[in-house]
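Asks: In UniProt numbering, the protein residues as written are 1 to 1033. All C-beta atoms, glycine included, are put in the ideal place defined by N, C-alpha and C. Please read through the structure below; I'll follow up with questions.
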């Protein structure tokens, strides 16, 4: 703006006719030319200088911990670096905590158990996992400090589909082989190699995040105890009849060559012709409907039908019409002829046909459409499969066999045109079903699959929420819970994969007998083949030698084993841990897997144990990037928490993309995204700053638009805490005697109302933190602590205490001891309050201040969290009101000084009503300190006025501030003219804004936010004008 104005000035200057200018105009011209010359000189200098580092490029001069501390030993805190460094602070503590067993369940307190939502072993953790850890670990640490017997159980999930996709891609890229080329056994070996590598990396990340997991109990979802639990649950459900095998139409992913459940299907709404990227194709056109004709048998008549999937007509088995549709009554019982295979297709009446949609006649392809499938079952039509498991047209397609399904689409359309059967193609709104894992278009295919009957279980899951036995937080998700469970269908639990829990069921073949795979009697479930053989011999009453068993090749849906986590983690059914820690206390996770995981855990575990698996469900928001986009590797916005903790250059961020999982086009796109968002990389912030920032963001209920660079501002807060503690220790040095903090009654030494005030603020902070932790409002916990540390403790109390700490010749004076003990009490309590959110920094500082507390705990992780009951004795509303009055006055004094840029230490006169006067008398020293006053003169409103040169402002009916300015630096006439000029400027702006406000053209066309902004500007300027009118000299 400044540059544009100066350019405009130069153009105006060049156009002026200097000969016709008055003296004042010439002076103005010269002044403008001087400004322009000055500007040009500045720009020339700037271009010659090396480019300054932008704020986002600021590098921290980090201090490194250099002591030779053996892993697991306590960190050496004998040195106290001059400034905060996360690299220094976060070193060694976690290993010591683990070695000391602080994270293992201790004592006989009330149990608090929580299991981690196990990260998939598909790769490294991202910021979504960091958010989960920040929330859960904060709650865990708070409960541990309250004296509860806490278990926070870590673990990882095998993630069947996702992991298999990743490993297959790596094998293809590195060996140019498929899993079928290397065989199932070798493939599983390679997956386990991947699992070992990634699980170590994931656990390393969780430790860097400061998660206080019990690392003696890590669980992998395919550990022996989990495998045993999965087998038992399947066998029990199968024997009860809840698990059954059925030939049905399923959601088939041709990319995965596997069935997926309904809730693993994404919906894409399109309103017209749209090209969609599909695996194996560049793009495929959707959003049109094709009309074509079937000729009647032995007639020239035709019936026109419409379809969005013209290729499926190759497997049509009938034409359906509504029995009430008079247009087609004469065709009931007749046939049309298939144009490619010559087959006669019956014309059948069926009520599912909508008379008013399209032509009122519907082609029926039972094997490839859910509605057609049901129609086919009702009318006893052949279920003719056209498309192979990998998405090709099979032999049923005749001349089109061997083509990929969407390539066949164009070929079939052209062939219909050649046969003169094509009638039209129109734009059409439709919904595409897309596999959430592979992004492939779902192909409905008839398959024999294993299903779990969820009807009774879903009803129970609804009831436990309705009757209050299970609480969902936020409660807004209850509506979603009920909606999904009310419509819960049989769950397809089998997957055509190699990686996962092999289905523990065996097909029985008996010598000299025909075994029917669709007859449930020939399927037995068992822990192993030996037990299956025992079951089969009893069932069929034959010798073992007459039986051959074949275990089902499929694996279970990952979510089936995940649904058992609350019990399988603890070794259900027989392990002692199961009896000790089940049911758990809380399930915390993202709201996106409410159905995939949370609801299914409630259904399955409640059915198995007759107890709900947890008492509360807390659902957090989903992390998106600063632009509101979903995190995606191909966008380059997936951030490894380690890169935020330790910092990462742009080059390092780019390197993470070259892992063989993205193609070149995706890598280039991702790198461009990283360069745009992080041109200078990510600054080092530390784990504490990241955790704290993420907790602040939890106030956003559904989506978090996370700006990673904002985390750095919390690092500055960490530095504030560091420096405040450092100052406190300097004050305590050789002055404060160690004392028993827990038993010491600090109220017995209080004489200063500022001390009473800070203790009241501490009580308010303790009370609010506990209440907010109880209600899972971690954002409010974080902002409450920020407010206390910065605006109450550091900005006011620490500054006030400095007055007493300067009395070096009176170190043992009682008033100093009072302030120092209150200071110690505050810093000690504040670190305890902050610990759940910032574990590393608080432990580092706690170990340094703990020497003055004879009641200290070995570690802050097991220290007692301050409670409202302990601190209510410090509640003091009277002193709070007084200090509020005081600080409002100080704020106005500072504001008045800033108005006139007058920072000289001078006398301040306060004319006040009796209530304010009494308050000011108590806190004169505070006013002097924060108002930069040489002396504070207090008078009543009706007292004789003091005659002196001053800035006079009656900012309220109770207080008038007079800042004395009897010195050469302050020119009253100049300052008075400043006020006049400022008021004139405000009045001009107000006139323009009000004119706009009442302009009908503006109010009828401008967006609401623009109108509101205009009104806010008017209110702000009117306040400024009112304030200036009250200032006198």
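At which residues does the beta strand (DSSP E) containing residue 805 begin and terminate?
Replies: Taking the first residue of the chain shown as position 1, residue 805 is located at position 805. Per DSSP, residue 805 belongs to no beta strand (DSSP E); it is in the alpha helix (DSSP H), 799 to 805.
Asks: Whole beta strand (DSSP E) runs in the region 494 to 541 with 3 or more residues, listed along the chain?
Replies: Segments of the beta strand (DSSP E) lying fully in the region 494 to 541: 505 to 510 and 523 to 525.
Asks: What is the DSSP secondary structure of residue 590, reduced to helix, strand or coil?
Replies: Your numbering for residue 590 matches position 590 in the chain shown. Here residue 590 sits in strand by DSSP.
Asks: Using C-beta distances below 7 Å, list every residue in its chain close to residue 427, excluding the 5 sequence neighbours before and after it, in chain order.
Replies: Numbered from 1 along the chain shown, position 427 holds the residue referred to as residue 427. Closer than 7 Å at the Cβ level, and outside the excluded window around residue 427, lie 272, 273, 287 and 288.
Asks: Taking buried to mean at least 16 other C-beta atoms within 10 Å of its own C-beta, is residue 732 buried or exposed?
Replies: The count along the chain shown starts at 1 and reaches residue 732 at position 732. With 16 or more Cβ atoms within 10 Å of its Cβ, residue 732 is classed as buried.
Asks: Kindly list the residues whose CB is nearer than 7 Å to the CB of residue 674, restricted to its own chain and excluding five residues on each side of it in sequence; keep chain order.
Replies: For the purposes of this step, residue 674 is identified with residue 674 of the chain shown, where counting begins at 1. Hits under 7 Å: 636, 650, 653 and 654.
Asks: I'd like to check one pair, residue 320 with residue 350: are the Cβ atoms closer than 8 Å?
Replies: Numbered from its first residue, the chain shown carries residue 350 at position 350. Numbered from its first residue, the chain shown carries residue 320 at position 320. For residue 350 and residue 320, yes; Cβs fall inside 8 Å.
Asks: Measuring only the C-alpha atoms, how far is residue 1024 from residue 758?
Replies: As a working note, residue 1024 is residue 1024 in the chain shown. As a working note, residue 758 is residue 758 in the chain shown. Going by the C-alpha atoms only, they are around 33 Å apart.
Asks: Below 8 Å on the Cβ atoms is my contact criterion, and I expect residue 235 with residue 124 to pass it. Report the Cβ-Cβ distance as a whole number of Å.
Replies: For the purposes of this step, residue 235 is taken as residue 235 along the chain shown, with counting starting at 1. For the purposes of this step, residue 124 is taken as residue 124 along the chain shown, with counting starting at 1. Not confirmed; about 36 Å, so no contact.
Asks: Per DSSP, which residues does residue 432 bridge with? Please list them.
Replies: As a first step, residue 432 must be located in the chain shown, where it is residue number 432. Note: residue 432 sits in a beta bridge opposite 268.
Asks: If you compare alpha carbons, which of 952, 604 and 688 is closest to residue 782?
Replies: One-based indexing of the chain shown puts residue 782 at position 782. Comparing Cα positions, the closest option is 688.
Asks: Closest by CA to residue 167, which one among 153, 145, 142 and 193?
Replies: The sequence position of residue 167 within the chain shown is 167, counting from 1. Measuring from the Cα of residue 167, the nearest candidate turns out to be 193.
Asks: For residue 239, which of helix, strand or coil comes out of DSSP?
Replies: Position 239 of the chain shown holds residue 239. Residue state, collapsed to three classes: helix.
Asks: Rounding to the nearest angstrom, what Cα-Cα distance links residue 527 and residue 546 in this structure?
Replies: Here residue 527 is taken as the residue at index 527 of the chain shown, counted from 1. Here residue 546 is taken as the residue at index 546 of the chain shown, counted from 1. Residue 527 and residue 546: Cα-Cα distance of roughly 21 Å.
Asks: In the DSSP output, what is residue 320 paired with across the bridge?
Replies: One-based indexing of the chain shown puts residue 320 at position 320. 348 and 362, per the DSSP bridge assignment.
Asks: Whether or not the region 535 to 555 and the region 212 to 221 are in contact is what I'm after, with contact meaning three or more pairs of Cβ atoms, one per stretch, closer than 8 Å; do they touch?
Replies: No, the region 212 to 221 does not touch the region 535 to 555.
Asks: What beta strand (DSSP E) runs, 3 residues minimum, are completely inside the region 607 to 638?
Replies: If we require 3 residues or more, the beta strand (DSSP E) runs fully inside the region 607 to 638 come out as 614 to 620 and 622 to 625.
Asks: Quick one: give me the first and last residue of the alpha helix (DSSP H) that residue 405 is part of.
Replies: Residue numbering aside, residue 405 sits at position 405 when the chain shown is read from its first letter. Element bounds for residue 405: 405 to 418.
Asks: Whose C-beta lies closer than 8 Å to the C-beta of residue 429 among residues of the same chain, with five residues either side of it excluded?
Replies: Taking the chain shown and counting its residues from 1, one reaches residue 429 at position 429. Result list for residue 429: 269, 270, 271, 272 and 287, in chain order.
Asks: Note down the Cα distance separating residue 244 from residue 492, rounded to an integer number of angstroms.
Replies: Position 244 of the chain shown, counted from the start, is the residue given in the question as residue 244. Position 492 of the chain shown, counted from the start, is the residue given in the question as residue 492. Rounded to whole angstroms, residue 244 to residue 492 spans 10 Å at the Cα level.
Asks: So the alpha helix (DSSP H) residue 964 belongs to, where does it begin and stop?
Replies: Position 964 of the chain shown holds residue 964. That residue, residue 964, is in no alpha helix (DSSP H); its beta strand (DSSP E) goes 959 to 964.
Asks: Using 10 angstroms around the beta-carbon of residue 1019, count the other beta-carbons present and answer buried if the total reaches 16, otherwise exposed.
Replies: Reading the chain shown from its first residue, position 1019 is the one you call residue 1019. Residue 1019 comes out exposed.
Asks: What residue from 139, 725, 767 and 823 has the CA that sits closest to residue 754's CA?
Replies: Against the chain shown, residue 754 aligns to sequence position 754. The shortest Cα separation from residue 754 among 139, 725, 767 and 823 belongs to 823.
Asks: Report the option in 478, 944, 886 and 878 whose CA atom is closest to the CA atom of residue 931.
Replies: Sequence index remark: in the chain shown, residue 931 carries index 931 (1-based). Nearest C-alpha to residue 931: 886.
Asks: Which word fits residue 908, buried or exposed, when buried means at least 16 other C-beta atoms lie within 10 angstroms of its C-beta?
Replies: Your numbering for residue 908 matches position 908 in the chain shown. The residue is buried, with at least 16 neighbouring Cβ atoms inside 10 Å.
Asks: Who does residue 551 pair with in a DSSP beta bridge?
Replies: Here residue 551 corresponds to residue number 551 of the chain shown, with the count starting at 1. Per DSSP, 506.
Asks: According to DSSP, what are the bridge partners of residue 291?
Replies: One-based indexing of the chain shown puts residue 291 at position 291. In DSSP, residue 291 forms a bridge with 306 and 424.
Asks: Please report how far the alpha carbon of residue 134 lies from the alpha carbon of residue 481, in whole angstroms.
Replies: Residue numbering aside, residue 134 sits at position 134 when the chain shown is read from its first letter. Residue numbering aside, residue 481 sits at position 481 when the chain shown is read from its first letter. Whole-angstrom Cα-Cα distance: 25 Å.
Asks: Quick check on residue 245: does DSSP put it in helix, strand or coil?
Replies: The residue given as residue 245 occupies position 245 in the chain shown. Note: residue 245 maps to strand in three-state DSSP.
Asks: Residue 961 to residue 789, Cα distance in whole Å?
Replies: One-based indexing of the chain shown puts residue 961 at position 961. One-based indexing of the chain shown puts residue 789 at position 789. Residue 961 and residue 789: Cα-Cα distance of roughly 29 Å.
Asks: Count Cβ pairs between the region 529 to 547 and the region 251 to 263 that sit closer than 8 Å; are there 3 or more?
Replies: The answer is no - the region 251 to 263 does not touch the region 529 to 547, with fewer than three Cβ pairs under 8 Å.
Asks: On a Cα-Cα basis, can you pick out the residue from 577, 559, 578 and 515 that is closest to residue 548?
Replies: On the chain shown, position 548 is the one that residue 548 refers to. Checking every option, the nearest Cα to that of residue 548 belongs to 515.
Asks: Out of 312, 311, 327 and 335, point me to the one whose CA is closest to residue 298's CA.
Replies: What you label residue 298 is simply residue 298 of the chain shown in a count that begins at 1. Nearest option by C-alpha distance: 335.
Asks: Am I right that residue 718 and residue 84 are in contact with their C-beta atoms under 8 Å? What's the rounded C-beta distance?
Replies: Locating residue 718 in the chain shown gives position 718, counting from the first residue. Locating residue 84 in the chain shown gives position 84, counting from the first residue. The pair is a contact, with the Cβ atoms about 5 Å apart (cut-off 8 Å).
Asks: For the region 119 to 163, which segments carrying the beta strand (DSSP E) assignment without a break, of at least 3 residues, lie completely within its bounds, in sequence order?
Replies: Runs found: 149 to 153.
Asks: Taking the C-alpha atoms as reference points, what is the distance between residue 1001 and residue 986?
Replies: Counted from its first residue, the chain shown places residue 1001 at position 1001. Counted from its first residue, the chain shown places residue 986 at position 986. Whole-angstrom Cα-Cα distance: 24 Å.
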